[in-house]
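Working notes, structure below.
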Amino acid sequence: MKENTTIIEQGVIVSTIDGVLNWMRKSSIWYLLFGTACCAIELMQAGGPRTDLDRFGAVFRATPRQSDLMIVAGTVTYKMAERIRLLYHQMAEPKYVISMGSCANCGGLFQRSYSVLKGIDKVVPVDVYIAGCPPRTEALAEGILKIQKIMMREKWLKTRGTKRNFI
Amino acid sequence: MKPAEVYKLLIDRFGEDLILAYVETRNPYIKINNGYVQAICTFLRYNPSTKFAFLSSISGVDYPQRNEIDIVYHLFSPFLNTLCVLKTSTPRDLPELESLESVWKVANWFEREIYDLLGVRFTGHSNLKRILLPDDWEGHPLRKDYKEKNSYHDMETMRPDPLKVLREKNEKSGKSQ
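If you're matching them up, the sequences are chains F and Z in order.
So the first sequence is numbered by the numbering used here: it starts at 959 and just counts up by one.
So the second sequence is numbered by the numbering used here: it starts at 6 and just counts up by one.
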């Protein structure tokens, strides 16, 4: 919160509502726990002690109703894409999507396959793409930081009621 | 028991009409008549000198030149530690074979996969429907003449080449490379 003024003597902090809301949101990113292929192994690593996503306030939730962030980790087939779209629609606004790895970005290695979706952005709107096959956990942590930056830019009072990423 | 001995045993039991050939390659196989798969496999499974109690895999190969689909059975005997490969072919226009579900229960899923990807129908199968692809999928994608559709439901199946897109964008804005 750059624009904050602290009045130390009285223990009062002055800020904007957007600033406070965004700061609270970015400090508790709860991501939806699911993985569609081998990138999910790297996603699990990111929750482990070395990268430790918990220090950004990012913990996994087992239900889309409680999640803010969807990390699509891995190859998505057409059969799975419909389930992913359903999960996305079940999440409450505001919601963000990270596309993790080549397969989720564009089909990757399986681009010429008959059953693999060529990029998750064909079914859900994506905020951050992470390149790699699979991306390292550091890359995923940077993706989370990017999401935090996006969150800090939001103007919730102005855009209240409008669907931000409508598809 | 070596594959050659299995072949001899089968020839003695079923004759040349059912057991078509024995091909000695690095991985020898026995070619069998496509109408008697179940009888031959039942014999191989319960005969005390073969005891092929384990079906390792069933696979299918499409041969459009011959207008046939080959089905390959890999049998394994854990008691005698031997392998045996059986091959049979079925016409491409109306592929139909006996199901081996009554011999080995595991054949259920193998046969569903072959039905899914190659379109071979297995008579006597208890639940012959697609196993991997969605139920409303059209066509059998491992056939050589399969053409990919432009979209599945409302999802496009193609993605433009990013380099081509970039080149066109540059040409439009008048930049060179």
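The beta carbon of each residue, even a glycine, is placed where N, CA and C say it ideally should be.
Note that the structure is predicted; figures quoted are calculated from it, not measured.
By the criterion of a C-beta distance shorter than 6 Å, ALA1020 (chain F) is surrounded in its chain by LEU991, once the five residues flanking it on both sides are discounted. For LEU1075 (chain F), the closest Cβ of chain Z is nearer than 8 Å.
Assigned with DSSP and collapsed to three states, THR95 (chain Z) falls in strand.
A contact between stretches requires three or more CB pairs, one per stretch, nearer than 8 Å, and the segment 33-41 of chain Z meets this requirement with the segment 78-93 of chain Z.
Under the 10 Å beta carbon count, THR30 (chain Z) is surrounded by fewer than 16 other beta carbons and is classified as exposed. Taking 7 Å as the Cβ-Cβ cut-off, the segment 107-140 of chain Z approaches chain F at LEU138 and PRO139, given in chain order. Rounded to the nearest whole angstrom, the CA to CA distance from GLY65 (chain Z) to LEU1075 (chain F) is 25 Å. Beyond the five residues adjoining it in sequence on each side, ALA26 (chain Z) comes within less than 6 Å, by CB distance, of LYS36 in the same chain, given in chain order. Looking only at F:ALA1031, F:ILE1102, F:VAL978 and F:TYR1036, the smallest Cα-Cα distance to GLU1000 (chain F) is reached by F:ALA1031. Beta-bridge pairing by DSSP links ARG1019 (chain F) to F:LEU990.
In the displayed model, HIS1047 (chain F) falls within a helix according to three-state DSSP.
F:VAL1081 is the residue among F:SER973, F:VAL1081 and F:LEU1115 whose C-alpha sits nearest the C-alpha of TYR1046 (chain F). Minimum Cα-Cα distance from ASN52 (chain Z) among the listed residues Z:MET160, Z:PHE84, Z:HIS79 and Z:GLY144 corresponds to Z:PHE84. Pairing GLN1048 (chain F) with ILE1029 (chain F), the inter-Cα distance amounts to about 15 Å. Contact annotation: MET1058 (chain F) and ILE1088 (chain F) have beta-carbon atoms nearer than 8 Å.
Below the 7 Å Cβ cutoff, chain Z contributes ARG164 as neighbours of CYS1064 (chain F), in chain order.
Taking a Cβ-Cβ threshold of 8 Å, the residues of chain Z close to GLN1069 (chain F) are ARG164, in chain order. Residue pairing for ALA26 (chain Z): DSSP places it in a beta bridge opposite Z:LYS36. Under the 8 Å criterion on CB atoms, TYR157 (chain Z) is classed as interfacial with respect to chain F.
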